[in-house]
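These notes concern the structure reproduced below.
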Amino acid sequence: MAPKRSIGVPPPPPPSVPAGRLLSRQQSVGKLKKSSIMSSLFRELKTKLEGSRLQIKLSSRTKKQFGGSAGGKEGLAAFLRELTKRSPFFQQIEEDAQNHAKTILELKAAINSFQTKDMSELIKFQQHMEAILEVLTDENQVLAKFEDFPIKKLETIRAGAALYSKSNFVVSNLKNWEVKSPAAQLLNKFDCYFTKVKEELDAFERTKDEESRNFKSHGIDFDFNIFVTIKELMVDVSSNCMELVLKEWGETKGANDAEKKANKNLLWRAFKLAFRVYSFAGGNDERADKLAKELANEKLK
Numbered sequence: 001m002a003p004k005r006s007i008g009v010p011p012p013p014p015p016s017v018p019a020g021r022l023l024s025r026q027q028s029v030g031k032l033k034k035s036s037i038m039s040s041l042f043r044e045l046k047t048k049l050e051g052s053r054l055q056i057k058l059s060s061r062t063k064k065q066f067g068g069s070a071g072g073k074e075g076l077a078a079f080l081r082e083l084t085k086r087s088p089f090f091q092q093i094e095e096d097a098q099n100h101a102k103t104i105l106e107l108k109a110a111i112n113s114f115q116t117k118d119m120s121e122l123i124k125f126q127q128h129m130e131a132i133l134e135v136l137t138d139e140n141q142v143l144a145k146f147e148d149f150p151i152k153k154l155e156t157i158r159a160g161a162a163l164y165s166k167s168n169f170v171v172s173n174l175k176n177w178e179v180k181s182p183a184a185q186l187l188n189k190f191d192c193y194f195t196k197v198k199e200e201l202d203a204f205e206r207t208k209d210e211e212s213r214n215f216k217s218h219g220i221d222f223d224f225n226i227f228v229t230i231k232e233l234m235v236d237v238s239s240n241c242m243e244l245v246l247k248e249w250g251e252t253k254g255a256n257d258a259e260k261k262a263n264k265n266l267l268w269r270a271f272k273l274a275f276r277v278y279s280f281a282g283g284n285d286e287r288a289d290k291l292a293k294e295l296a297n298e299k300l301k
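Under UniProt numbering, the first residue of the sequence shown is numbered 1, with each subsequent residue one higher.
Here it is in structure tokens:
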């Protein structure tokens, strides 16, 4: 017969549950609590199955939950390997590596031997690379299966082609810059574009030597003269702006004082912009010098 207890005295606490039974399905609902490992495991598995190359690292807290034993680690690793094998994504990676092996090996040899100082050839080769690689489910995962694939040179070719294409786009914009009234709007538009391009080129100039060495180490003799072309074209567009401002200024003769004042302010704005362009380009041509002198004379009258 069980001993009698006094009324109002709480029963003794239940015996502690062994660690191995903490996750038992026989536990009562009242003992359920937020797991300290489920979220991290979900993220790790999701990342693994979606193709990340990051290695799974269990936190020390997670290791304690699993007992920290070598057997526990091996069991989890085996479990993840099995999931990987069954993943449609990784199955497709394997298929890509097998189906495109010949083409990828040919590309590997072509990249290793590629050298050029012709930027058109650089862009053409980069486009050839992309046509081959774009069909792969995951470029990094597939190429990682080919020993010593020249990833760094591949990325350098991409960087060089992108830099030249972007610079060439700026050249095209400047060559086709539309010069039309009103001059105030033209100055605003060109000022914004000039500032944007200047910031990008100034940033590149700070790393130009390093980039040049990197290009050369991978067989690319990059044509930096395109930046000289950009600077020369900036001076041309700036001169076009000055011409339009001077033209509109000449048309204001006989206008009221308010209009004259507004247009005279444009003379100063155009000159300041021309000076910024001159400083950026490192010089002027005869036309730019002549127009800048005219602007200054009109402003000083």
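Each residue gets a CB set at the ideal place from its N, CA and C atoms; glycine is no exception.
Check whether residue i and residue j have beta carbons under 8 angstroms apart
i    : j    : result
K153 : I111 : yes
Q126 : R158 : yes
H100 : L122 : no
L187 : V179 : no
S167 : I230 : yes
L273 : A183 : no
M129 : L107 : yes
V235 : N284 : yes
V277 : F194 : yes
I132 : V171 : no
I93  : D138 : yes
Reduced DSSP category for residue i - H, G, I as helix; E, B as strand; rest coil
i    : result
T116 : strand
S87  : coil
V29  : Low confidence applies to V29: its pLDDT is 41, below 50, so where it sits in the model is not reliable, and the reading given next is rough at best. Correct three-state label for V29: helix.
V179 : coil
H100 : coil
F271 : helix
I37  : Unreliable positioning characterises I37 in this predicted model, as indicated by a pLDDT of 49, which lies under 50. A coordinate reading is not provided.
F146 : coil
T137 : coil
G283 : coil
M1   : The predicted model places M1 with a pLDDT of 47, which falls under 50 and marks its position as unreliable; any figure quoted below should be read in that light. M1: coil per DSSP, three-state reduction.
D289 : helix
N263 : helix
K57  : In this prediction, K57 has a pLDDT of 44, which is less than 50 and means its spatial position is unreliable; what the coordinates show is noted afterwards. K57: coil per DSSP, three-state reduction.
For residue i: DSSP bridge partner residues
i    : result
I220 : T116
8 angstroms contact criterion, which residue i and residue j should meet: CB distance rounded
i           : j    : result
W249        : N263 : 5 angstroms
L174        : L233 : 4 angstroms
residue 302 : F169 : In the structure as shown, the chain starts at 1 and stops at 301, and residue 302 therefore has no counterpart that could be examined.
F222        : T156 : Not confirmed; about 10 angstroms, so no contact.
L246        : L201 : Going by Cβ atoms, the distance from L246 to L201 rounds to 28 angstroms, so no, they are not a contact pair.
E243        : L291 : 6 angstroms
F280        : K145 : No, F280 and K145 are not in contact; Cβ-Cβ is about 48 angstroms, not under 8 angstroms.
Residue i: first and last residue of the uninterrupted alpha helix (DSSP H) it sits in
i    : result
K301 : Counting along the chain, K301 falls outside any alpha helix (DSSP H), and DSSP gives it neither H nor E.
F227 : N225 to E251
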